[in-house]
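Accompanying notes for the structure given below.
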Ligand code: TNX
């Protein structure tokens, strides 16, 4: 057939063939754009737009100090493994220009480019319609564009930029987690992610009372939360076995009450400066600390220090066992309320976040109206301090107080008392003991942990829905989800990590990802990709047998000691 005028000539055909072959030969990014935990809301891959971080890349950010801080954090994430200088600059209108741009844009209609209109052959839309994704990305959402001219993260807030950076981090090869330079092609899969959380409260709890953990240990836990877009760290600061937070007006709480722990170890406590260091390190990662002072039960350590608070005014012996429910501060003595007001006042003054958690669980010896009367007074003390009450769901029978939040830790989703409290206005943080309690063993042979709420393997941690878990509680009443880690049997950072990982990402995904992305097989595969990252970063985790962890070593570097990111306050 003769060539007609409009058809390409031989030279053009040859050039096109060469380009096509080149594109086919160029190694693609090592994983898919959707290989992120928690699952992003909308993923639109563009395989022709894979991008490789060049050694001379610049990170350019909006000039806002909080946005620049995220840019610096991104640089600190990428510099160790790449060995690239990655300078950070600011601009009025940041453009990738062959590097990475972080754009703070609180006015941008992030829908303007119509990403939802055509997701293309390989795009998927997790949640068109139901939850109104198209309104805006909200206080924590972000948009990530990876294109041939570089990377752009856009968000209305610094928190959104921070979450976008966590996604970006997971899209680099696993070797990006190396604390020292490695030779790698730092390729990212091309395309666009648009993402925002399902629930505003996504947390984890660390019990620092049963065993004490150093500030460094807690900061490292904060790092793990940040990776998976959790935004609250609940610290269980007081219990029978130890009081861990300094209170100037009641100094013996720590000098006496802080010197014990489960098993007879030395215990310890946080000075106010220690606690503030945790709070500000968390805040720099867009994580709010929720301090818990457990009342009226779980108070043996306080009674040892101040016998006047005990019902019989006699100091009990220090307690280093693991029973619960035997101790309580005297609800009939006015001095108890002075104590509560002083302690909560000092803790509130150290805590920028809105929450004060007042415990309330397992006060078996304070019953009926005595219990509810005590709780109602303490709730008012919290409100007078300008804070919002959080407490375990045992608080439910007490009168409602504006804004109060109950943390539900039941194992059976039928709970009429909690439902009644929700009808009176309470919101819930959902922490089912048999799904979200990270102190439960994975399997009978897990070396540490409990089993009173059952065994929790990764699938059990993942396969439930915080929005519908409790019968007759509407999803609108659910503020979010939290994974508690009680530490009766947990004595080291390695123990903490063994129980946290890989289940924390499962709970994080339930808190962040829209329900339409919920899929065990898909989650299992995405989670598997986290293993080499933890290994490279020197993080301990449980090699859960149901997860298809990659077996091939990912990088040939020396093993490095675990490190906390100490470069940002
Ligand atoms: C119950 S959960 C407790 C804690 C224990 C935990 C052990 C809750 C509010 N109270 O005192 O540490 O079980 O799993």
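Numbering (the numbering used here), first residue to last: 1155 to 1723. The beta carbon of each residue, even a glycine, is placed where N, CA and C say it ideally should be. Quantities reported herein were computed from a predicted structural model and do not represent experimental measurements.
Through-space distance from residue j to residue i, alpha-carbon basis
i: residue 1624; j: residue 1567; result: 4 Å
i: residue 1210; j: residue 1239; result: 7 Å
i: residue 1320; j: residue 1434; result: 19 Å
i: residue 1594; j: residue 1242; result: 43 Å
i: residue 1295; j: residue 1634; result: 16 Å
i: residue 1389; j: residue 1302; result: 44 Å
i: residue 1298; j: residue 1672; result: 21 Å
i: residue 1627; j: residue 1573; result: 6 Å
i: residue 1398; j: residue 1505; result: 15 Å
i: residue 1276; j: residue 1532; result: Unreliable placement is indicated for residue 1276, whose pLDDT of 34 sits below 50; no coordinate value is reported for it.
i: residue 1455; j: residue 1408; result: 9 Å
i: residue 1669; j: residue 1619; result: 8 Å
i: residue 1261; j: residue 1229; result: 26 Å
i: residue 1248; j: residue 1368; result: 40 Å
i: residue 1316; j: residue 1439; result: 7 Å
i: residue 1437; j: residue 1382; result: 15 Å
i: residue 1675; j: residue 1613; result: 10 Å
i: residue 1225; j: residue 1212; result: 10 Å
i: residue 1190; j: residue 1353; result: 18 Å
i: residue 1704; j: residue 1196; result: 26 Å
i: residue 1274; j: residue 1300; result: At residue 1274, the pLDDT of 32 sits below 50, so the modelled position is not reliable and the matter cannot be decided from this model.
i: residue 1596; j: residue 1611; result: 5 Å
i: residue 1186; j: residue 1198; result: 10 Å
i: residue 1616; j: residue 1464; result: 42 Å
i: residue 1342; j: residue 1652; result: 30 Å
i: residue 1689; j: residue 1328; result: 9 Å
i: residue 1280; j: residue 1590; result: Low confidence applies to residue 1280: its pLDDT is 36, below 50, so where it sits in the model is not reliable, and the reading given next is rough at best. Answer to the nearest angstrom: the Cα atoms are 24 Å apart.
i: residue 1272; j: residue 1306; result: Any answer about residue 1272 is weak, because its pLDDT of 32 lies below 50 and its placement is not dependable; what the coordinates show is given next. If you take the alpha carbons of residue 1272 and residue 1306, they lie about 20 Å apart.
i: residue 1114; j: residue 1393; result: It is not possible to answer for residue 1114, since the shown part of the chain is limited to 1155 through 1723.
i: residue 1518; j: residue 1183; result: 57 Å
i: residue 1252; j: residue 1214; result: 11 Å
i: residue 1310; j: residue 1361; result: 34 Å
i: residue 1430; j: residue 1636; result: 22 Å
i: residue 1473; j: residue 1451; result: 13 Å
i: residue 1217; j: residue 1256; result: 10 Å
i: residue 1654; j: residue 1603; result: 11 Å
8 Å Cβ cutoff met for residue i and residue j
i: residue 1546; j: residue 1344; result: no
i: residue 1201; j: residue 1332; result: no
i: residue 1445; j: residue 1511; result: yes
i: residue 1554; j: residue 1575; result: yes
i: residue 1312; j: residue 1258; result: yes
i: residue 1254; j: residue 1304; result: yes
i: residue 1441; j: residue 1391; result: no
i: residue 1447; j: residue 1498; result: yes
i: residue 1496; j: residue 1401; result: yes
i: residue 1449; j: residue 1494; result: yes
i: residue 1246; j: residue 1207; result: no
i: residue 1516; j: residue 1543; result: no
i: residue 1571; j: residue 1551; result: yes
i: residue 1691; j: residue 1656; result: no
i: residue 1502; j: residue 1192; result: no
i: residue 1384; j: residue 1419; result: no
i: residue 1584; j: residue 1562; result: yes
i: residue 1588; j: residue 1565; result: yes
i: residue 1647; j: residue 1359; result: no
Proximity test, Cβ basis, 8 Å: residue i and chain B
i: residue 1190; result: Considering every chain present, this structure includes no chain B. It has just one protein chain.
Beta-carbon separation (whole angstroms), residue i vs residue j, contact threshold 8 Å
i: residue 1395; j: residue 1363; result: 6 Å
i: residue 1520; j: residue 1482; result: 5 Å
i: residue 1687; j: residue 1701; result: 13 Å between Cβ atoms; not a contact.
i: residue 1366; j: residue 1421; result: 5 Å
i: residue 1509; j: residue 1541; result: 7 Å
Spell out a yes or no on whether the stretch 1542–1562 and the stretch 1571–1591 are touching, meaning 3 or more CB-CB pairs, one atom from each, closer than 8 Å.
yes
If you scan the stretch 1448–1507 from start to end, which runs of the alpha helix (DSSP H) of 4 or more residues do you find wholly inside it?
1454–1459 and 1488–1504
When you compare the stretch 1628–1643 with the stretch 1680–1699, are there three or more beta-carbon pairs, one atom per stretch, that lie closer than 8 Å?
no
Contact between the stretch 1408–1416 and the stretch 1485–1498 (3+ Cβ pairs under 8 Å):
no
In chain order, which beta strand (DSSP E) runs of at least 3 residues are fully inside the stretch 1567–1593?
1581–1584
Would the stretch 1371–1384 count as touching the stretch 1215–1224 if we require 3 or more Cβ pairs under 8 Å?
no
Going residue by residue through the stretch 1382–1412, where are the continuous alpha helix (DSSP H) segments of at least 4 residues, counting only ones entirely within it?
1406–1409
Secondary structure, beta strand (DSSP E): runs of 3+ residues fully inside the stretch 1284–1367:
1296–1301, 1304–1309, 1345–1349 and 1355–1361
If you pair each beta-carbon of the stretch 1321–1331 with each one of the stretch 1595–1609, do three or more pairs fall below 8 Å?
no
Only counting runs of 4 or more residues, tell me where the alpha helix (DSSP H) segments fall wholly within the stretch 1519–1545, in order along the chain.
1522–1538
Enumerated in chain order, which unbroken segments of the beta strand (DSSP E) with a length of 3 residues or greater are wholly contained in the stretch 1189–1276?
1196–1199, 1213–1215, 1242–1244 and 1254–1258
Uninterrupted beta strand (DSSP E) stretches inside the stretch 1614–1701 (no shorter than 3 residues):
1632–1639
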